[in-house]
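Below is one structure; the comments refer to it alone.
Residue numbers (the working numbering), protein chains in the order written: chain A, 1 to 207; chain B, 208 to 414.
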C-alpha cells in the first residue's frame, strides 16, 4: 500500500521529521568533502551531498550551498580565493568526513579538528584531502541564487584531477565499487555500493 | 600511486573516454525517472542522475538538464504544463528505466516503449511511474541557465509525495537500503547499496 502526502501534510510535519524525509526522499547521493582556504590562510573542509555533473567538455561540476543566512566559510573562501576542491569520501574515513559537519569556529581548520590531512599542488591554493582516492581541483566559474529559498548553485571548472592509479577503466569509467567510495542518504546515513550491472547505450530498437 | 591530470590532459582525452570519466568522477548519484506530459497529452519519461535537494521547508528539489541544443521533451513539457514527477528507480525495473534514455520520437510515450505504467492523481497532470516505491509530484518554480555550457537547473516545489507504506522510519528517514532503490555511477552503471552506519548529528566536542 502506498501513502499519499499532500503539500499541507508535508508542511504540517514536525520540523526534524520533515528535514529527514525531504533530505532522504530523493535517494542516494555522493559524499564529497569540499576543501577551501580563507584569505587568512586557514584551511576549511565541509561535507556536501549535492555535487552535480554539469558538463564533460569542458569539465564543469556544481554543488548546492544552503542559504547565506549564517556565515558559510566554504562559500566565502571560494569567493575570496577563487578555487576549491571536491574530494570523494571513502569507507576508510567516512566518520571523520561526517565530523566536518560540526560547527567549528573560523580559526579552526577541520583538517586538524577531524584528523584529515591537507594536500597541495602547484595548480591552485585550495587543499585536497590526502586520504581521498578521487580529488578534483576547481576554479570558481559562476553562481546562481535560487529565488525560492536562497540556496546557491556554485559552478566550477575542473582544472585538475588526482586519481588513484588503477581506478579508471579502459573506457574512462571510474571504478566506483572497488574504490571504497561511499554513497550517502540524506545528511547522516552512509552506504557501501556494489555493481548490479553496466548497461549498454540505449537505442529505441533494443527494447 | 596517484595520477595527476591537468585540464589540458582532460581536454586531450578521446571524447567518449572523457565523457565517461567526467560523469563517474563525482561518485554515486540517485537514479530518477522524470515524468511529464506534453500539450498534446503524450506522456514522457526520461532518466536523470542529477536530482539535488534544495530545501525542506518548503520542500524544493532541482535537477540539471543538458543544454537545449536539441529538443528536450522533458523541459518543453515542464514549461508547457507546469508540472513534473520524480520517481526513484528500484532494482526491480532499473533496466526498463535505463531504456528511457533511448531517443524515441515525440509521438512515442516511453511508458509504452519501455514497459512502465503511468499513474495519475488529481493533484496535477504529470504521470507518475506506478512501479516506483517513491514518487514525487512537483510544480515548476524557476530555472537557471548555466552560462558556462548552457545546462539548466530546473527547480520545482514538491506538492505531493507517494511513498510505499513502511518505508519511512520513526524520525522521517526514508529506508533507502531496504527499499530496493538503486544508485547510479555516470550514465550506465547501476548499484545496490547497503547501510554502513547512520551517524549522529556532529558537534565540535564529539571528536
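Ideal Cβ positions, reconstructed from N, Cα and C, are used throughout, including at glycine.
Note that this is a predicted model, so its numbers are computed, not measured.
Nonlocal neighbours in the same chain, by C-beta distance under 8 Å from residue i, ignoring five residues either side
i: residue 123 of chain A; result: 137, 159 and 160
i: residue 346 of chain B; result: 289, 290, 331, 363, 364 and 366
i: residue 216 of chain B; result: none
i: residue 328 of chain B; result: 335, 344, 367 and 369
i: residue 101 of chain A; result: 46, 47 and 187
Extent of the continuous beta strand (DSSP E) to which residue i belongs
i: residue 154 of chain B; result: No answer is possible for residue 154 of chain B: the residues shown for chain B start at 208 and end at 414.
i: residue 3 of chain A; result: 2 to 6
i: residue 368 of chain B; result: 359 to 371
i: residue 103 of chain A; result: Run containing residue 103 of chain A: none; DSSP gives neither H nor E here.
i: residue 345 of chain B; result: 341 to 352
i: residue 70 of chain A; result: It is not in any beta strand (DSSP E) - residue 70 of chain A carries neither H nor E in the DSSP assignment.
i: residue 65 of chain A; result: 60 to 65
Own chain residues within Cβ distance below 6 Å of residue i, not counting five before or after
i: residue 339 of chain B; result: 294 and 295
i: residue 211 of chain B; result: none
i: residue 141 of chain A; result: 155, 156 and 157
i: residue 397 of chain B; result: 301, 389 and 391
i: residue 246 of chain A; result: The requested residue 246 of chain A does not occur in the structure, where chain A is confined to residues 1 to 207.
i: residue 184 of chain B; result: The structure shown does not extend to residue 184 of chain B, since chain B is modelled only from 208 to 414, so the question has no answer here.
i: residue 370 of chain B; result: 341
i: residue 401 of chain B; result: 384
Span separating the alpha-carbon of residue i from that of residue j
i: residue 18 of chain A; j: residue 409 of chain B; result: 19 Å
i: residue 431 of chain B; j: residue 336 of chain B; result: Absent from the structure is residue 431 of chain B, since the part of chain B shown begins at 208 and ends at 414.
i: residue 272 of chain B; j: residue 361 of chain B; result: 7 Å
i: residue 7 of chain A; j: residue 267 of chain B; result: 11 Å
i: residue 172 of chain A; j: residue 223 of chain B; result: 8 Å
i: residue 383 of chain B; j: residue 27 of chain A; result: 7 Å
i: residue 99 of chain A; j: residue 251 of chain B; result: 42 Å
i: residue 58 of chain A; j: residue 1 of chain A; result: 46 Å
i: residue 406 of chain B; j: residue 381 of chain B; result: 15 Å
i: residue 394 of chain B; j: residue 72 of chain A; result: 32 Å
i: residue 292 of chain B; j: residue 67 of chain A; result: 25 Å
i: residue 48 of chain A; j: residue 374 of chain B; result: 24 Å
i: residue 178 of chain A; j: residue 298 of chain B; result: 20 Å
i: residue 276 of chain B; j: residue 350 of chain B; result: 17 Å
i: residue 249 of chain B; j: residue 241 of chain B; result: 14 Å
i: residue 152 of chain A; j: residue 119 of chain A; result: 27 Å
i: residue 205 of chain A; j: residue 230 of chain B; result: 25 Å
i: residue 219 of chain B; j: residue 39 of chain A; result: 33 Å
i: residue 313 of chain B; j: residue 253 of chain B; result: 12 Å
i: residue 281 of chain B; j: residue 76 of chain A; result: 35 Å
i: residue 355 of chain B; j: residue 126 of chain A; result: 22 Å
i: residue 14 of chain A; j: residue 150 of chain A; result: 22 Å
i: residue 352 of chain B; j: residue 287 of chain B; result: 18 Å
i: residue 170 of chain A; j: residue 232 of chain B; result: 14 Å
i: residue 31 of chain A; j: residue 238 of chain B; result: 16 Å
i: residue 165 of chain A; j: residue 372 of chain B; result: 44 Å
Reduced DSSP secondary structure (H/G/I, E/B, other) of residue i
i: residue 219 of chain B; result: coil
i: residue 119 of chain A; result: strand
i: residue 47 of chain A; result: strand
i: residue 194 of chain A; result: strand
i: residue 237 of chain B; result: strand
i: residue 109 of chain A; result: coil
i: residue 24 of chain A; result: helix
i: residue 183 of chain A; result: strand
i: residue 38 of chain A; result: coil
i: residue 78 of chain A; result: helix
i: residue 408 of chain B; result: coil
i: residue 92 of chain A; result: helix
Same chain, Cβ closer than 7 Å to residue i, five either side skipped, listed in chain order
i: residue 104 of chain A; result: 110 and 113
i: residue 303 of chain B; result: 321, 322 and 323
i: residue 192 of chain A; result: 91 and 182
i: residue 20 of chain A; result: 186
Rounded distance between the beta-carbons of residue j and residue i, thought under 8 Å
i: residue 388 of chain B; j: residue 182 of chain A; result: Rounded, the Cβ-Cβ distance is 16 Å, inconsistent with contact.
i: residue 78 of chain A; j: residue 36 of chain A; result: 6 Å
i: residue 154 of chain B; j: residue 270 of chain B; result: A question about residue 154 of chain B goes unanswered here, because the residues of chain B that appear run from 208 up to 414.
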